[in-house]
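Each remark here refers to the structure printed beneath this line.
Protein chains in written order, with the working numbering: chain U, 1372 to 1753; chain X, 1372 to 1753.
Have a look at this one:
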């Protein structure tokens, strides 16, 4: 029999069969009424998911494409941008900004630390910045940062706030308008339960007014915004991916709504952490309800992290994610984003338990899944 | 019963069911071996389709994204680029180059004219340019230009030659290496028979050496080239679209190969033209075998072009394309790119005949499809 596959990485994430089926429907012309109704509905649903009254712009691109869009639309050559970094995706902000000729002022934390709004306020008081670039869910460490506080500090310091919400949007609360976040960038392939290839960005009026002079065409916000006002796209959209995203957003919004999704992610995070701890492993990501997106686990002493992941993948068909950058070899990561339930957590934990045993690690057997189910059932504190 | 849909636009084009099915398979991690083998095979097949030994770089983007990639990688601010324009897509080159701060020198033809390599040589002798931007198949008019001659004139004039082959690649011959074309940009959604969302570009050593200083990150060729050397992507690739493209390229290359596809497109163009003429309509696109991609037809006197297309679409489920720019209302266009056979041509012709009759146009009835079938069967001249 063909080996079954289990995808437990923090992106791409598993895609529901209804969504996959929608992407496989016969091709439509992107300017015909059949597609336009899908496009209009998708753009409307995205506003609900982004919790914004502003336009959410849709591009055919990876998430990095919309990160770039934020910089090329907001900045002029040499503009100072403050980049809050505490992992791989904070570093990506810095790389993009540097490549585009911005002056990069890093507010740098060790990987795994949680950025502090007070530090940001102090930094901006010391040195102004045109834009503050932050990461909501730092997928490389499992830390979900206080973007509400960071956005407030940015606004206080006179900067436009930009949040990378690629792995957080739809998994943990992000009140774009209420928290005054100017720009939120995200992608289709995480909690939005769709294949990768669509990049999304919400843009506040303040951000639109802050337009810079960096050269741009494909990622120009105004060009796409104008097209979307009549439910058109500036360039041929990724028709099949949009059809999939439409169905996925329907599942997310109609199946209990966003708040139910946020609660489910908190429970999934709890279940994963309790299972990991029950088998005697140590967490790298925070041991609290903020860590609802990715659980990062320290590789036990004497175990080769790469060997563990290869064994899981090649013998058991289970894909987890390795540590990145300075965490390579030191941690492994279990994503629980989007189309996940507690049985997926149980499978991930059982697979880790099995593979660690095969590698001779001394762990507590037979308790992880029970702990996970119990943690999942606990009521959330109000 | 749900109305059947017929997509006869020059992009997006119909996608074979095997390709759609591949896009709907369960999601894979892009760095796992299951996907890597698909990625490696796809990149290899793309070289065959581009007829090049150079790398073909793959981006999650619309075709316009790779057009922009050519400019941001090759040019520095203020560089003069010569844009050969004879339709909407030539104009797009000029818009992108202008937006990115290049000095645009237009070698402009009327829409429907075929650009001349001699004119280009004279222009470059008069005013040098860093880059020459051309359009292989000008989808707005149906003209397929002599890119071999244009690339030679560009090389002679010391410029890097860039060809927009979005609607031509895989439909009409384009010998990238043999003709010395430095950069060829294309997309997944035309003759490559895949959904839109993947953008492709082949880059010669000469083009790599000509690197400019315009700011870039997402579309930086070197970043993607380095990743692709180990069959990785610089950013999360559009996994499901790549799986579809892999299957589509297999159909194209294994089902008789590229030469068979070129011959089929010539025959489809002939069939479409003969049918159109048989019912008494006048061609706008050239009446010769070069017009193998799109057939542009003059709207008959007294017929409202917009009403014709709406009637076809809304009453008959048949989508054709309107005229663009100065040709709006004057022509309509039938695409025959990719997953097309002679029965599709017959259906398109029959639908045009029916709708024109309904609108009271005086046309010859009952002869178009027979003429099309006869033309399709004629042997090609060697």
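Note that CB positions come from ideal geometry on N, CA and C, so glycine has one too.
A quick note: this is a predicted structure, and the numbers were derived from the prediction, not measured.
Using the three-state DSSP reduction, which class does residue i fall into: helix, strand or coil?
i, result
"residue 1633 of chain U", "helix"
"residue 1377 of chain U", "strand"
"residue 1383 of chain U", "coil"
"residue 1390 of chain U", "helix"
"residue 1455 of chain X", "strand"
"residue 1476 of chain X", "strand"
"residue 1498 of chain U", "coil"
"residue 1738 of chain X", "coil"
"residue 1538 of chain U", "coil"
"residue 1584 of chain U", "coil"
"residue 1546 of chain X", "coil"
"residue 1559 of chain U", "coil"
"residue 1396 of chain X", "coil"
Expressed to the nearest angstrom, what Euclidean distance is found between the alpha-carbon atoms of residue i and residue j?
i, j, result
"residue 1716 of chain X", "residue 1693 of chain X", "17 Å"
"residue 1397 of chain U", "residue 1519 of chain X", "35 Å"
"residue 1459 of chain U", "residue 1696 of chain U", "7 Å"
"residue 1454 of chain U", "residue 1476 of chain U", "6 Å"
"residue 1509 of chain U", "residue 1483 of chain U", "9 Å"
"residue 1674 of chain X", "residue 1698 of chain X", "15 Å"
"residue 1590 of chain U", "residue 1512 of chain X", "27 Å"
"residue 1489 of chain U", "residue 1421 of chain X", "54 Å"
"residue 1403 of chain X", "residue 1706 of chain U", "16 Å"
"residue 1601 of chain X", "residue 1688 of chain X", "45 Å"
"residue 1631 of chain U", "residue 1469 of chain U", "39 Å"
"residue 1605 of chain X", "residue 1594 of chain X", "6 Å"
"residue 1553 of chain U", "residue 1437 of chain U", "14 Å"
"residue 1528 of chain U", "residue 1452 of chain U", "12 Å"
"residue 1501 of chain U", "residue 1530 of chain U", "5 Å"
"residue 1664 of chain X", "residue 1517 of chain X", "14 Å"
Have a look at the options and flag the residue whose alpha-carbon is nearest the alpha-carbon of residue i.
i, options, result
"residue 1532 of chain X", "X:1505, X:1540 and X:1436", "X:1505"
"residue 1444 of chain X", "X:1574, X:1524 and X:1534", "X:1574"
"residue 1523 of chain U", "U:1726, U:1513, U:1503 and U:1515", "U:1503"
"residue 1400 of chain U", "X:1412, X:1411, X:1389 and X:1378", "X:1378"
"residue 1540 of chain U", "U:1528, U:1458 and U:1417", "U:1417"
"residue 1640 of chain U", "U:1542, U:1608 and U:1487", "U:1542"
"residue 1450 of chain U", "U:1427, U:1585, U:1429 and U:1526", "U:1585"
"residue 1666 of chain X", "X:1719, X:1588 and X:1620", "X:1719"
"residue 1431 of chain X", "U:1610, U:1587, U:1747 and U:1725", "U:1610"
"residue 1738 of chain X", "X:1563, X:1731, X:1724 and X:1747", "X:1724"
"residue 1392 of chain U", "U:1742, U:1535 and U:1619", "U:1619"
"residue 1515 of chain X", "X:1494, X:1487, X:1599 and X:1530", "X:1487"
"residue 1435 of chain U", "U:1661, U:1414, U:1729 and U:1559", "U:1559"
"residue 1711 of chain X", "X:1608, X:1745, X:1638 and X:1372", "X:1638"
"residue 1636 of chain U", "U:1582, U:1621, U:1652 and U:1659", "U:1659"
"residue 1572 of chain U", "U:1728, U:1579 and U:1429", "U:1429"
"residue 1550 of chain X", "X:1745, X:1424, X:1583 and X:1405", "X:1424"
"residue 1622 of chain X", "X:1372, X:1481, X:1386 and X:1373", "X:1386"
"residue 1680 of chain X", "X:1456, X:1478, X:1447 and X:1729", "X:1729"
Would residue i be called buried (16 or more neighbouring beta carbons within 10 Å of its own) or exposed?
i, result
"residue 1645 of chain U", "buried"
"residue 1740 of chain U", "buried"
"residue 1650 of chain X", "buried"
"residue 1678 of chain X", "exposed"
"residue 1714 of chain U", "exposed"
"residue 1496 of chain U", "exposed"
"residue 1751 of chain X", "exposed"
"residue 1498 of chain X", "exposed"
"residue 1388 of chain U", "exposed"
"residue 1627 of chain X", "exposed"
"residue 1614 of chain X", "buried"
"residue 1462 of chain U", "buried"
"residue 1784 of chain U", "No answer is possible for residue 1784 of chain U: it lies beyond the span of chain U, which begins at 1372 and ends at 1753."
"residue 1634 of chain U", "exposed"
Between residue i and residue j, which are expected to be in contact by the criterion C-beta below 8 Å, what is the C-beta distance as a whole number of angstroms?
i, j, result
"residue 1617 of chain U", "residue 1409 of chain U", "5 Å"
"residue 1708 of chain U", "residue 1668 of chain U", "Actually they are not in contact, since the Cβ atoms of residue 1708 of chain U and residue 1668 of chain U sit about 16 Å apart, beyond 8 Å."
"residue 1569 of chain X", "residue 1555 of chain X", "Contact flag wrong, Cβ pair sits at about 15 Å."
"residue 1561 of chain X", "residue 1384 of chain X", "6 Å"
"residue 1588 of chain X", "residue 1467 of chain U", "5 Å"
"residue 1433 of chain X", "residue 1567 of chain X", "6 Å"
"residue 1726 of chain U", "residue 1682 of chain U", "5 Å"
"residue 1731 of chain U", "residue 1538 of chain U", "About 33 Å separates the two Cβ atoms, so there is no contact after all."
Would you say residue i lies against chain C (beta-carbon separation less than 7 Å)?
i, result
"residue 1564 of chain X", "No chain C appears in this structure, whose protein chains are U and X."
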